[in-house]
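Asker: Those protein sequences? They're chains A and B, same order as listed.
Under my numbering, the first residue of the first sequence is numbered 509, with each subsequent residue one higher.
Under my numbering, the first residue of the second sequence is numbered -5, with each subsequent residue one higher.
Positions of the beta carbon are idealized from the N, C-alpha and C atoms, including for glycine.
Everything numeric in this text was worked out from a predicted model, so none of it was measured.
First, the structure itself, so that you have it in front of you.
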Amino acid sequence: MVYLTRKMEFSASHLYHNPAFSAEENRRVFGKCNNPHGHGHNYVLEVTVAGETDPATGMVLDLKELKDIMQREVSDRMDHRFLNHEVPELSGQIPTCENIAAVIWRLLESKIRRGQLYRVRLYETPDLFVDCYGEASGASALRGAAR
Amino acid sequence: MNAPMKLHLWRRYRFCASHRLHSAHLGEEENRRVYGKCNNPLGHGHNYVVEIAVSGPVNQATGMIANLSELDAFVEREVIEPFDHTYLNEEIAEFRENVPTAENICIEIFNRLRRFPQATLERVRVEETGLNSFEYAGETAGGNHGHQK
Chain A
509 MVYLTRKMEF SASHLYHNPA FSAEENRRVF GKCNNPHGHG HNYVLEVTVA
559 GETDPATGMV LDLKELKDIM QREVSDRMDH RFLNHEVPEL SGQIPTCENI
609 AAVIWRLLES KIRRGQLYRV RLYETPDLFV DCYGEASGAS ALRGAAR
Chain B
-5 MNAPMKLHLW RRYRFCASHR LHSAHLGEEE NRRVYGKCNN PLGHGHNYVV
45 EIAVSGPVNQ ATGMIANLSE LDAFVEREVI EPFDHTYLNE EIAEFRENVP
95 TAENICIEIF NRLRRFPQAT LERVRVEETG LNSFEYAGET AGGNHGHQK
């Protein structure tokens, strides 16, 4: 098994606000991230695909293909967007790093036809990032635990 | 409702400290041979980087595995405040007995942080310099699940 990782950056804004909380509770729980005008990040996405190399090409999958999928599924949706309002997959969710990483996993998983999506790592800043290994009870969770 | 996902939340911290690698189990010459420059009796220091991963269900109301300000306050109290700008060999009780190699620092940080009440500690990664790093996930495969909520 070989693990191949492709990196991409996108820039987006967001804010954390739960309409079920009072204004004061929103400020207490989310702090600066509750600023109603939003704020932004340069997100760094690392997508890791696991698989066996094709003897004919020496590749797990064509990097260009992975790059195109990431561009289409993630960058075209999220780059230079206000995540709360412009990404339907995130509607009704707080756009935290956890939730965005899970959305990205779901967008990519079925599109990757060679190898298997192993990990989505999303950096919100260099000091805060999330790894997503897919559904907690699925085969991907077993792969994650065996790593 | 989507199925729950397996997620690890990583956070990066820093501290600066000095240490000396010297084992009471070895003679003077053996210590010099094994640890080289790191055996300098006056010690030396590093800018350590600590990355920690926690897991747990994402709270639907906040979208978070753990509230970052609570995690930061816990790590600050248990590790950063006691370790930062200290001589580890003398000022951290565990390193009076154990040589403060990056391996042992990694394990000690894991042991201090496994008590974090809001999420399960999965992994600790320590960079001693930009050129070497160390990871510890506890003694059971897949992390510290004994403390899972």
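With a 10 Å radius around its C-beta and 16 neighbouring C-beta atoms as the bar for buried, classify leucine 36 (chain B) as buried or exposed.
Answerer: What you label residue 36 (chain B) is simply residue 42 of the second sequence in a count that begins at 1. So leucine 36 (chain B) ends up on the exposed side.
Asker: Let me know the beta strand (DSSP E) ranges lying completely inside the segment -4 to 32 of chain B, each 3 residues or longer, listed in chain order.
Answerer: Qualifying beta strand (DSSP E) stretches, in chain order: -1 to 13.
Asker: Taking a Cβ distance cut-off of 8 Å, strictly less, list which residues of the segment 603 to 637 of chain A are near chain B, in chain order.
Answerer: From the segment 603 to 637 of chain A, only Pro603, Thr604, Cys605, Glu606, Asn607, Ala609, Ala610, Trp613, Arg614, Pro634, Asp635, Leu636, Phe637 have a Cβ closer than 8 Å to chain B.
Asker: If the cut-off is 8 Å on Cβ atoms, which residues from the segment 86 to 117 of chain B count as contacting chain A, listed in chain order?
Answerer: The segment 86 to 117 of chain B vs chain A, Cβ under 8 Å: nothing.
Asker: Anything in chain C within Cβ reach of tyrosine 511 (chain A), meaning under 8 Å, just list it in chain order.
Answerer: This model lacks chain C altogether; the protein chains it does include are A and B.
Asker: Give me the DSSP bridge partner(s) of glutamine 579 (chain A).
Answerer: Sequence index remark: in the first sequence, residue 579 (chain A) carries index 71 (1-based). The partner list for glutamine 579 (chain A) (beta bridge, DSSP) is empty, contrary to what the question assumes.
Asker: Could you tell me the alpha carbon to alpha carbon distance between phenylalanine 128 (chain B) and arginine 585 (chain A), rounded to whole angstroms?
Answerer: Mapped onto the second sequence, residue 128 (chain B) falls at position 134. Mapped onto the first sequence, residue 585 (chain A) falls at position 77. Approximately 36 Å between the Cα atoms of the pair.
Asker: Just the chain B side, please: which residues come within less than 8 Å of alanine 528 (chain A) by C-beta, in chain order?
Answerer: Within the first sequence, numbered from 1, the residue matching residue 528 (chain A) stands at position 20. Going along chain B in sequence order, the residues near alanine 528 (chain A) (Cβ under 8 Å) are Ala55.
Asker: Who are the Cβ neighbours of phenylalanine 68 (chain B) in its own chain at under 7 Å, not counting the five residues just before and after it?
Answerer: Position 74 of the second sequence, counted from the start, is the residue given in the question as residue 68 (chain B). Correct list, in chain order: Phe110.
Asker: I need the straight-line Cα distance from tyrosine 130 (chain B) to aspartate 587 (chain A), nearest angstrom please.
Answerer: By 1-based counting over the second sequence, the position of residue 130 (chain B) is 136. By 1-based counting over the first sequence, the position of residue 587 (chain A) is 79. About 35 Å.
Asker: Inspect the beta-carbon positions of methionine 509 (chain A) and glycine 566 (chain A) and report whether they are closer than 8 Å.
Answerer: For the purposes of this step, residue 509 (chain A) is taken as residue 1 along the first sequence, with counting starting at 1. For the purposes of this step, residue 566 (chain A) is taken as residue 58 along the first sequence, with counting starting at 1. No, the pair does not count as a contact, with Cβ atoms beyond the cut-off.
Asker: Give me, in chain order, the residues of the same chain whose beta-carbon lies closer than 6 Å to that of glutamate 597 (chain A); leave out the 5 immediate sequence neighbours on both sides.
Answerer: Residue 597 (chain A) sits at position 89 when you count from the first residue of the first sequence. Closer than 6 Å at the Cβ level, and outside the excluded window around glutamate 597 (chain A), lie Val611.
Asker: Going along the chain, which unbroken runs of the alpha helix (DSSP H) with 4 or more residues stay wholly within the segment 39 to 116 of chain B?
Answerer: Taking only runs of at least 4 residues, the alpha helix (DSSP H) segments lying wholly in the segment 39 to 116 of chain B are 62 to 69, 82 to 85, 88 to 91, 96 to 107.
Asker: Would arginine 27 (chain B) pass as an interface residue toward chain A - the criterion being a Cβ-Cβ separation below 8 Å?
Answerer: Taking the first residue of the second sequence as position 1, residue 27 (chain B) is located at position 33. Cβ-Cβ to chain A under 8 Å: no for arginine 27 (chain B).
Asker: Can you pull the chain A residues whose beta carbon is under 8 Å from the beta carbon of proline -2 (chain B), in chain order?
Answerer: Here the question's residue -2 (chain B) lines up with position 4 in the second sequence. Those are Glu643, Ala644, Ser645, listed as they occur along chain A.
Asker: Grouping DSSP H, G and I as helix and E and B as strand, with all else coil, what is valine 611 (chain A)?
Answerer: By 1-based counting over the first sequence, the position of residue 611 (chain A) is 103. Note: valine 611 (chain A) maps to helix in three-state DSSP.
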